[in-house]
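Chemist:
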Amino acid sequence: MTNGGDLMDKLVSLCKRRGFIFQSSEIYGGTGSVWDYGPLGVELKNNIKAAWWRSMVHERDDIEGLDAAILMHPRVWEASGHVAGFTDPLVECRTCKHRFRADQIGQASCPRKPSVPPGGAEPCDLGEPRMFNLMFKTFMGPVESEAAVVYLRPETAQGIFVNFQNVLQTSRQRVPFGIAQIGKAFRNEITPGNFIFRTREFEQMEMQFFVEPGTDEEWFEYWRHQRMEWVKSLGLRPEKLRWHEHEPDELAHYAKAAYDIQYEFPFGWQEFEGIHNRTDFDLSRHQEYSGKRLEYVDPVDRDKRYIPYVIETSIGADRLTLAVLADAYREEEVEGETRVVLSLSPKLSPIKVAVLPLVKKDGMPELAERIHRSFREVAIPSFYDDSGSIGKRYRRQDEAGTPFAVTVDGQSVTDGTVTVRDRDTLGQERVAVDRIVDYIRERIR
Ligand code: ATP
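So, in structure tokens, the structure goes:
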């Protein structure tokens with residue numbers, strides 16, 4: 074049995090060892106608050122984003138895609154309430170200079186004496202909480218003056234709201250409809266941590282669904298259901314998923330109702346997706362601040378005009394990647410040895426199939442290379458490996474989460490069949506070489 078901390082350490086080390094995730098600027102000592110995705114990590118995260126885009130945009134008639142810029146007009150953040158209210162209470166210890174979020178101090182510990190909470194040891198000297206705005210500021214243009222201040226967006230949602238009329242007019246959608254976007258967001262978090270769970274630069278996958286006021290509660294329930302089903306379709310274990318309903322004192326200033334989907338991470342139950350009823354708050358505020366009409370006119374009954382209500386689904390691509398990795402990580406005893414396996418859903422695996430000649434002679438490498446190329450030709454990510462014992466090669470692929478290994482042996486050269494090894498069951502099946510591409514393709518959808 075491994076405890077949560079051990080599991081996180083193992084996951085971080087596997088991610089580095091196998092090229093999933095590296096600490097940013099590692100050769101300069103790294104930073105704890107931003108991370109880089111390596112060759113396998115970028116594939117995994119891209120597959121997660123593609124699955125989201127597919128279910129939100131490609132499989133539906135009522136949602137359009139968007140890719141808005143990170144830098145926006147500074148008035149956007151006044152209208153959204155972020156300049157005034159996107160703050161966390163910060164407390165600093167004057168002795169050790171460490172900073173804590175005042176609302177999370179119960180879960181933190183004193184860095185000098187970890188057995189006590191911050192403020193609990195003799196020399197601790199906590200200051201008063203002060204509000205700290207989480208938005209990153211920079212300057213647009215060459216003059217570093219107050220008038221040139223712009224922000225790195227702390228959420229992608231506002232890019233959707235300010236484009237509401239543009240998308241409505243160009244896509245010929247009618248309410249109810251949605252706009253979906255995947256993009257980077259930045260928050261100057263006071264206490265980033267837990268690997269890619271809370272970082273200062275991250276990616277969000279957000280969808281804003283515009284509905285007629287009065288139908289919002291129904292749509293809220295609809296989206297709650299949809300989102301949980303989608304999360305389960307990625308293979309996350311249902312017993313590791315639960316809902317958390319926001320109490321009135323937890324609700325954001327714009328929200329009428331909010332539920333989080335939580336996952337039981339190695340460090341406890343935490344949110345990775347939020348479903349929010351944002352009412353007409355955002356569009357009303359942008360109408361007020363921009364002076365542009367953002368109401369919707371019903372195309373049939375033109376006297377019917379209203380500012381749509383918005384149901385938002387907001388999920389962090391990185392946090393979800395962490396949930397997927399933690400969920401997939403297993404250590405198993407096989408023939409007296411421990412094998413580490415990432416039991417990823419085949420549709421998310423970075424490499425779909427490994428092609429392995431049993432030995433480097435007797436025509437096996439040539440046949441294996443031919444099979445490898447036939448996967449590549451139909452865009453199935455395949456990995457050719459002929460170095461080391463076959464057991465070692467299987468274990469390397471287990472750690473990378475590759476669901477299938479095709480082994481070319483002596484029999485292959487004579488009868489045109491190969492063995493396919495299943496990562497999870499370890500079962501082996503003989504399949505004809507001319508069927509192998511279809512065989513794998515059917516199993517990675
Ligand atoms: P938290 O309470 O954890 O700070 P939040 O309630 O502020 O999160 P939202 O503003 O609802 O989060 O953002 C939606 C999603 O974006 C979150 O569920 C999470 O997956 C992701 N997210 C938010 N902040 C971060 C961060 N600092 N690092 C990584 N992902 C984040």
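Mapping of the sequence shown onto this note's numbering: residues 74 to 518, in sequence order.
Note that the Cβ used here is the ideal one computed from N, Cα and C, for glycine as well.
Is it true that the CB of Phe477 sits closer than 8 Å to the CB of Val426?
Modeler: Against the sequence shown, residue 426 aligns to sequence position 353. Against the sequence shown, residue 477 aligns to sequence position 404. Contact flag set, yes.
Chemist: Measuring straight from C-alpha to C-alpha, what distance separates Val164 and Arg247?
Modeler: Mapped onto the sequence shown, residue 164 falls at position 91. Mapped onto the sequence shown, residue 247 falls at position 174. The straight-line gap from Cα to Cα measures roughly 48 Å.
Chemist: Taking only the alpha-carbon atoms, compute the straight-line gap between Gly103 and Asn120 and give it to the nearest angstrom.
Modeler: Here residue 103 is taken as the residue at index 30 of the sequence shown, counted from 1. Here residue 120 is taken as the residue at index 47 of the sequence shown, counted from 1. If I take the Cα positions, the gap works out to 27 Å.
Chemist: CA-CA distance, Cys183 and Phe209?
Modeler: Here residue 183 refers to the residue found at position 110 when the sequence shown is read from its first residue. Here residue 209 refers to the residue found at position 136 when the sequence shown is read from its first residue. Linking Cys183 to Phe209 through their CA atoms gives a straight-line distance of about 27 Å.
Chemist: For a quick check, are the C-beta atoms of Gln299 and Phe234 less than 8 Å apart?
Modeler: For the purposes of this step, residue 299 is taken as residue 226 along the sequence shown, with counting starting at 1. For the purposes of this step, residue 234 is taken as residue 161 along the sequence shown, with counting starting at 1. Contact: no.
Chemist: Going by the beta-carbon positions, is the gap between Pro187 and Ile178 smaller than 8 Å?
Modeler: If you number the sequence shown from 1, residue 187 lands on position 114. If you number the sequence shown from 1, residue 178 lands on position 105. No, the Cβ-Cβ distance between Pro187 and Ile178 is not below 8 Å.
Chemist: Of the residues Ala157, Arg90, Pro112, which one's Cα is nearest the Cα of Ile424?
Modeler: Working through the sequence shown from its first residue, we reach residue 424 at position 351. Selected option, being the one with the closest Cα: Pro112.
Chemist: Take the Cβ of Thr475 as the centre, count every other Cβ of all protein chains shown within 10 Å, and call the residue buried at 16 or more, exposed below.
Modeler: Here residue 475 refers to the residue found at position 402 of the sequence shown. With 16 or more Cβ atoms within 10 Å of its Cβ, Thr475 is classed as buried.
Chemist: When the Cα atoms are used, what is the spatial distance from Tyr336 to Glu344?
Modeler: Mapped onto the sequence shown, residue 336 falls at position 263. Mapped onto the sequence shown, residue 344 falls at position 271. Looking at the two C-alpha atoms, the distance is approximately 6 Å.
Chemist: Rank Phe456, Gln501, Ile388, Asn76 by C-alpha distance to the C-alpha of Ala258 and give the top, closest one.
Modeler: Position 185 of the sequence shown, counted from the start, is the residue given in the question as residue 258. When each option's Cα is compared against that of Ala258, the closest is Ile388.
Chemist: Compute the Euclidean distance between the alpha carbons of Lys313 and Met301, then round it to the nearest angstrom.
Modeler: The count along the sequence shown starts at 1 and reaches residue 313 at position 240. The count along the sequence shown starts at 1 and reaches residue 301 at position 228. Approximately 12 Å, taken between the alpha carbons.
Chemist: In terms of residues, what are the limits of the alpha helix (DSSP H) holding Met278?
Modeler: As a first step, residue 278 is located in the sequence shown; it is residue number 205 there, counting from the start. That residue, Met278, is in no alpha helix (DSSP H); its beta strand (DSSP E) goes 274-284.
Chemist: When burial is assigned at 16 or more other CB atoms within 10 Å of the CB, is Leu144 buried or exposed?
Modeler: In the sequence shown, the residue the question calls residue 144 occupies position 71. It counts as exposed.
Chemist: Is it the case that the CB of Glu320 approaches a heavy atom of ligand 1 more closely than 7 Å?
Modeler: Numbered from its first residue, the sequence shown carries residue 320 at position 247. No, the beta carbon of Glu320 sits no closer than 7 Å to any heavy atom of ligand 1.
Chemist: Looking at the structure shown, is Gln96 part of a helix, part of a strand, or coil, going by DSSP?
Modeler: The sequence position of residue 96 within the sequence shown is 23, counting from 1. Correct three-state label for Gln96: strand.
Chemist: Between Ala399, Leu421, Glu439, which has its C-alpha nearest Gly77's C-alpha?
Modeler: Numbered from 1 along the sequence shown, position 4 holds the residue referred to as residue 77. If we check each option's Cα against that of Gly77, Ala399 comes out closest.
Chemist: Using a Cβ-Cβ cut-off of 6 Å (strictly less than) and excluding sequence neighbours within five positions of Ile252, which residues of its own chain qualify?
Modeler: Counted from its first residue, the sequence shown places residue 252 at position 179. Counting only Cβ-Cβ distances below 6 Å, and skipping sequence neighbours, we find Glu137, Leu139, Ile233, Val240, Gln281.
Chemist: Tell me the DSSP secondary structure of Gly364 in three-state form.
Modeler: Numbered from its first residue, the sequence shown carries residue 364 at position 291. Coil.
Chemist: Measure the C-alpha to C-alpha separation of Val107 and Met437 and round it to an integer number of angstroms.
Modeler: Residue 107 sits at position 34 when you count from the first residue of the sequence shown. Residue 437 sits at position 364 when you count from the first residue of the sequence shown. If you take the alpha carbons of Val107 and Met437, they lie about 44 Å apart.
Chemist: Taking Val491 and Ile509 to be in contact with their CB atoms under 8 Å, please state how far apart those CB atoms are, rounded to whole angstroms.
Modeler: Counted from its first residue, the sequence shown places residue 491 at position 418. Counted from its first residue, the sequence shown places residue 509 at position 436. Contact flag correct, Cβ pair sits at about 6 Å.
Chemist: Heavy atom of ligand 1 less than 7 Å from the Cβ of Asp435, yes or no?
Modeler: Here residue 435 corresponds to residue number 362 of the sequence shown, with the count starting at 1. Asp435: no, Cβ never under 7 Å from ligand 1.
Chemist: Checking 8 Å against the spacing of the C-beta atoms, do Val451 and Leu421 come in under that value?
Modeler: Taking the first residue of the sequence shown as position 1, residue 451 is located at position 378. Taking the first residue of the sequence shown as position 1, residue 421 is located at position 348. It is not a contact, given that the beta carbons lie outside the stated cut-off.
Chemist: Using DSSP with H/G/I as helix, E/B as strand and the rest coil, what is Tyr327?
Modeler: As a first step, residue 327 must be located in the sequence shown, where it is residue number 254. Per DSSP, reduced to three states, the secondary structure at Tyr327 is coil, with no helix or strand assignment.
Chemist: Taking the alpha carbon of Asp333 as the point to measure from, which residue in Asp322, Glu323, Trp342, His317 has its own alpha carbon closest?
Modeler: The residue you call residue 333 lines up with position 260 of the sequence shown. It is His317 whose Cα lies nearest to the Cα of Asp333.
Chemist: Where does Asn120 sit, in a helix, a strand or coil, going by DSSP?
Modeler: On the sequence shown, residue 120 is found 47 positions in, with the first residue counted as 1. Correct three-state label for Asn120: helix.
Chemist: Excluding the five sequence neighbours on either side, which residues of its own chain have a C-beta within less than 6 Å of the C-beta of Trp303, listed in chain order?
Modeler: Working through the sequence shown from its first residue, we reach residue 303 at position 230. Result list for Trp303: Ser128, in chain order.
Chemist: Between Gly389 and ligand 1, is the CB less than 7 Å from at least one heavy atom?
Modeler: Within the sequence shown, numbered from 1, the residue matching residue 389 stands at position 316. At a threshold of 7 Å, Gly389 counts as near ligand 1, since its beta carbon sits closer than that to one of the ligand's heavy atoms.
Chemist: If you count every other CB in all the chains shown that lies within 10 Å of the CB of Ser218, and 16 or more means buried, which is it?
Modeler: In the sequence shown, counting from the first residue as 1, residue 218 sits at position 145. Classification for Ser218: exposed.
Chemist: Just checking my contact of Ala230 with Pro202 at CB under 8 Å: how many whole Å lie between their CB atoms?
Modeler: Taking the first residue of the sequence shown as 1, we reach residue 230 at position 157. Taking the first residue of the sequence shown as 1, we reach residue 202 at position 129. Contact doesn't hold; Cβ gap of about 27 Å is too wide.
Chemist: At 3 residues or longer, and completely inside the stretch 192-259: list those beta strand (DSSP E) runs for me, N to C.
Modeler: 203-206, 210-212, 222-224, 250-259
Chemist: Looking at the secondary structure, which residues open and close the beta strand (DSSP E) in which Ile384 lies?
Modeler: In the sequence shown, the residue the question calls residue 384 occupies position 311. That run of the beta strand (DSSP E) goes 382-389.
Chemist: Could you spell out the range, first to last residue, of the alpha helix (DSSP H) harbouring Pro438?
Modeler: Locating residue 438 in the sequence shown gives position 365, where the first residue counts as 1. Judged by DSSP secondary structure, Pro438 falls within the alpha helix (DSSP H) whose first and last residues are 437-450.
Chemist: Taking Cβ positions, are Ile444 and Val506 nearer each other than 8 Å?
Modeler: On the sequence shown, position 371 is the one that residue 444 refers to. On the sequence shown, position 433 is the one that residue 506 refers to. For Ile444 and Val506, yes; Cβs fall inside 8 Å.
Chemist: If you measure between the beta carbons of Gly308 and Ser418, is that distance less than 8 Å?
Modeler: If you number the sequence shown from 1, residue 308 lands on position 235. If you number the sequence shown from 1, residue 418 lands on position 345. It is a contact, given that the beta carbons lie within the stated cut-off.
Chemist: Sorry if obvious, but does the Cβ on Phe345 come closer than 7 Å to a heavy atom of ligand 1?
Modeler: For the purposes of this step, residue 345 is taken as residue 272 along the sequence shown, with counting starting at 1. Yes, the Cβ of Phe345 comes within 7 Å of a heavy atom of ligand 1.
Chemist: Taking contact to mean 3 or more Cβ pairs, one atom from each stretch, closer than 8 Å, check whether the stretch 150-162 and the stretch 453-462 are in contact.
Modeler: no
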